[in-house]
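>
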Amino acid sequence: MLHLRNAVDPIIGMNLDPSHLLWVGADPIQCARRLEGAIHHVHGKDVRIEDGVADVTTLLETREIDEC
Numbered sequence: 000m001l002h003l004r005n006a007v008d009p010i011i012g013m014n015l016d017p018s019h020l021l022w023v024g025a026d027p028i029q030c031a032r033r034l035e036g037a038i039h040h041v042h043g044k045d046v047r048i049e050d051g052v053a054d055v056t057t058l059l060e061t062r063e064i065d066e067c
């Protein structure tokens with residue numbers, strides 16, 4: 000995503016679906032931080048929005064983005 004933005008135009012963005020990252024064992028919060036400014040929409044189904052710090056719980060282990 001970042002390579003495409005750099006090669007074409009920073010107007011290019013993405014839809015982030017955190018559940019997809021959890022399914023492959025990645026950390027969605029780390030991904031969102033790395034893609035800051037490139038995320039135009041977040042797909043949030045089956046979630047609950049509350050005030051405070053996000054606490055990610057899953058049956059899957061999360062890994063660094065570079066490990067996926």
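Using numbering that gives the first Met the number 0, read the sequence shown as starting at 0 and increasing by one per residue. Glycine is no exception: its CB is placed at the ideal position from the N, C-alpha and C atoms.
Please confirm whether His39 and Gly12 have their CB atoms less than 8 Å apart.
Between His39 and Gly12, the gap from beta carbon to beta carbon is short of 8 Å.
> Count the other CB atoms within 10 Å of the CB of Pro9; is the residue buried (16 or more) or exposed (fewer)?
exposed
> To the nearest angstrom, how far is the alpha carbon of Gly36 from that of Leu21?
21 Å
> Candidates Asn5, Met0, Leu15, Ala6: which alpha carbon is nearest Lys44's?
Leu15
> Within 10 angstroms of the Cβ of Ala6, are there 16 or more other Cβ atoms? Answer buried if so, exposed if not.
exposed
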